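Each remark here refers to the structure printed beneath this line.
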Amino acid sequence: MLADELVARMLESVATRRGGVSDGALATVDVLPSGSTLAAVPVRGRGDSVRHRIAASPSARIEVPSEVIDRAIDQGFETSLEQIASSLVGTDEQKLTVVRQLATEMLDSVTAAISLAYADHVESDVVEDQRTRNALAVALLGGQDTSAITRCSGFEIAESYSVLAVHFPARSDGRSGTFVTQMDVRRMIRNIRSALDSQWSVRSLSRLDVRGGVVLIPSAEAGDLDNLLADLSAVAGLEMTATCAEASPTEIPETVDQLYELLDLTQRMQRPPGLFRFADLAVEYQLTRPSPVRRHLEAILNPLDDHPVLMQTLCTHLDNNLNRRRTARQLSVHMNTIDYRLKGISKLTGFDPSSADGLWYLQSALVVRKANYQENDVGRGVIA
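Per our numbering, the sequence shown starts with residue 3, numbered consecutively.
Pasting the structure below:
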């Protein structure tokens, strides 16, 4: 019979390609039309398309290559047309033309349905993979046991992670000046995750929202983190700021808290975008920890609160690396005026900015003041 011949050809094709006959190959039998049906029944539309799509799903699930299925379908239709043509010998050419047209339409319908079935399978796999990663990220960030998740998913937890706390700057759409939409944010996060998978590590984990979040990359696969941040910034279309450290899975919650504190400090200190480690801000980080020393440093600059010109001069002079000429030019005053103001600062605070000791205390006091009074908290809610 025709159906038996079609199945035999299909199984031979699959066996040749994969070294044996699989359950997926058998599932494709349902989408091969019989010669009699093709000859007698026109393409019925959506119902058949859905049936073909469902029939192809098992093959997609067990990863039978789609080209194998397509080749089996093509061979099936070719055999059908050969059988039908031989049975129509002696009839007019018009009938054979109609049959060929119906066969072409049916083949297009079946091929499209199979493509959709495989697309559904890929999309389902992506969703399931991201669901697993989200669950693992939540567990690691919360210090929870991950054994049940890894056992069910087969996802391996790394021995050590490069942990990044990331801040996304507020961004407008460039037209109306309003903030980007949630759809834009989700698209940006998808692009970031795709870049992490394709360029860095397929075992990366992340929890991100409109303000930033956390990225976990197995230490053995992390590579140059400065380049990583640059790549992610390019993909996201914005300049990110991030802090990073290494941590074992059990150390991740505490490390993330510390990294958020450091990230918050970079914002308060108005540091430019980039990647920061604890070594980059060790002094600033230590000075801003709650302690009697911090309270003492906070009070040093209090006498300048009623003298904003002197405070501005001190900040500008420090930013210019103590270059009096540059400070004078930036403030549009004579250098003698700068000298006069520096003496005024020394008189009010008791610390001379022209001496090494006095300068150290004034710089430290300014660090504490910036950290404590620059209202620019970095959030870390999670939506994706």
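Heads up, the beta-carbon is just placed ideally off N, CA and C, and yes, glycines get one too. Being a predicted model, the structure only gives us computed values, none of them experimental.
S366 to D308, Cα distance in whole Å?
The sequence position of residue 366 within the sequence shown is 364, counting from 1. The sequence position of residue 308 within the sequence shown is 306, counting from 1. The alpha-carbon atoms of S366 and D308 are separated by roughly 20 Å.
Taking the alpha carbon of S203 as the reference point, which residue from R189, L218 and R213 has its own alpha carbon closest?
Translated into positions along the sequence shown, residue 203 becomes position 201. If we check each option's Cα against that of S203, L218 comes out closest.
Tell me, please, whether the stretch 354 to 370 touches the stretch 281 to 297 by the rule of three or more beta-carbon pairs shorter than 8 Å.
yes
The beta strand (DSSP E) spanning P310 covers which residue range?
Position 308 of the sequence shown holds residue 310. Premise fails: P310 lies in the alpha helix (DSSP H), P310 to D321, not in any beta strand (DSSP E).
CB of R279 within 7 Å of CB of C246, strictly:
Working through the sequence shown from its first residue, we reach residue 279 at position 277. Working through the sequence shown from its first residue, we reach residue 246 at position 244. Contact flag set, yes.
L264 and L231: beta carbons closer than 7 Å?
In the sequence shown, the residue the question calls residue 264 occupies position 262. In the sequence shown, the residue the question calls residue 231 occupies position 229. No; because the gap between Cβ atoms is not below 7 Å, this pair is not in contact.
Check each candidate in A244, L227, D228 and S221 and name the one with the smallest Cα separation from L210.
Along the sequence shown, read from residue 1 onward, the residue named residue 210 stands at position 208. Nearest option by C-alpha distance: A244.
Which residues bound the beta strand (DSSP E) around I219?
Taking the sequence shown and counting its residues from 1, the one referred to as residue 219 is at position 217. Per DSSP, I219 belongs to the beta strand (DSSP E) from G214 to P220.
May I have the straight-line CA-CA distance separating G145 from E223, to the nearest angstrom?
The residue you call residue 145 lines up with position 143 of the sequence shown. The residue you call residue 223 lines up with position 221 of the sequence shown. Each residue's alpha carbon lies about 22 Å from the other.
By Cβ distance below 6 Å, which residues in the same chain neighbour L28 in space, the five residues on each side in sequence not counted?
Here the question's residue 28 lines up with position 26 in the sequence shown. Confidence at L28 is low in this model, with a pLDDT of 45, below 50, so the placement of that residue should be treated as unreliable; the coordinate-derived value is given next. No residues qualify anywhere along the chain.
Roughly how many angstroms lie between the CA atoms of N471 and R328, to the nearest whole one?
Nothing can be reported for residue 471, as the shown portion of the chain is limited to 3 through 386.
Cβ separation of G346 and L312, assumed to be a contact under 8 Å, to the nearest whole Å:
Residue numbering aside, residue 346 sits at position 344 when the sequence shown is read from its first letter. Residue numbering aside, residue 312 sits at position 310 when the sequence shown is read from its first letter. Right, their Cβ atoms sit about 6 Å apart.
To the nearest angstrom, how far is it from the Cα of L138 to the Cα of I151?
Numbered from 1 along the sequence shown, position 136 holds the residue referred to as residue 138. Numbered from 1 along the sequence shown, position 149 holds the residue referred to as residue 151. Taking the straight line joining both Cα atoms gives about 7 Å.
Residue closest to T351, alpha-carbon to alpha-carbon, out of S357, A301, L320 and R326:
Within the sequence shown, the letter at position 349 stands for residue 351. Among S357, A301, L320 and R326, the Cα nearest to that of T351 belongs to A301.
DSSP-derived helix/strand/coil call for F353:
Taking the first residue of the sequence shown as position 1, residue 353 is located at position 351. Coil at F353, not helix or strand.
My output table needs one value for D211: the three-state DSSP class, helix, strand or coil.
Mapped onto the sequence shown, residue 211 falls at position 209. The answer is strand: DSSP assigns D211 an E or B state.
Please confirm whether V216 and A172 have their CB atoms less than 7 Å apart.
As a working note, residue 216 is residue 214 in the sequence shown. As a working note, residue 172 is residue 170 in the sequence shown. Contact flag unset, no.
Quick check on the DSSP output: the beta strand (DSSP E) that includes S200 runs from which residue to which?
Numbered from its first residue, the sequence shown carries residue 200 at position 198. Per DSSP, S200 belongs to no beta strand (DSSP E) and is neither H nor E.
Could you compute how far the alpha carbon of L320 sits from the alpha carbon of F157?
In the sequence shown, residue 320 corresponds to position 318, counting from 1. In the sequence shown, residue 157 corresponds to position 155, counting from 1. Distance between the alpha carbons of L320 and F157 is about 51 Å.
Please classify A330 as buried or exposed, where buried requires at least 16 other C-beta atoms within 10 Å of its C-beta.
Counted from its first residue, the sequence shown places residue 330 at position 328. The residue in question, A330, is buried, as its Cβ has 16 or more Cβ neighbours within 10 Å.
Let me know the secondary structure DSSP gives G156 once reduced to three states.
As a working mapping, residue 156 is identified with position 154 in the sequence shown. G156: coil per DSSP, three-state reduction.
Closer than 6 Å: G145 CB and nearest the ligand ADP heavy atom:
Judged by which ligands are present, the structure shown has none, so any question about the ligand ADP falls away.
Counting only the same chain and skipping the five closest in sequence on each side, list residues whose C-beta sits under 6 Å from that of S348.
Indexing the sequence shown from 1 puts residue 348 at position 346. Here the set comprises D354.
For L166, the residue or residues it bridges with in DSSP:
For the purposes of this step, residue 166 is identified with residue 164 of the sequence shown, where counting begins at 1. BP columns for L166 point to V217 and C246.
Within the continuous alpha helix (DSSP H) that includes L234, where are the two ends?
Sequence index remark: in the sequence shown, residue 234 carries index 232 (1-based). Element bounds for L234: L227 to A238.
Is it buried or exposed for D147, if we count other Cβ within 10 angstroms and need 16 for buried?
Taking the sequence shown and counting its residues from 1, the one referred to as residue 147 is at position 145. So D147 ends up on the exposed side.
Nearest-angstrom Cβ-Cβ length linking L261 and V370, presumed shorter than 8 Å
Translated into the one-based positions of the sequence shown, residue 261 becomes position 259. Translated into the one-based positions of the sequence shown, residue 370 becomes position 368. With a Cβ gap of about 21 Å, L261 and V370 do not count as contacting.
Chain-order list of residues whose beta-carbon lies under 8 Å from that of T315 (same chain, five-residue window excluded)
Walking along the sequence shown from the start, residue 315 turns up at place 313. Only T329, L333, I340, R343, L344 and I347 meet the Cβ criterion.
Helix, strand or coil, according to DSSP, for V370 in the structure here?
As a first step, residue 370 is located in the sequence shown; it is residue number 368 there, counting from the start. It is helical.
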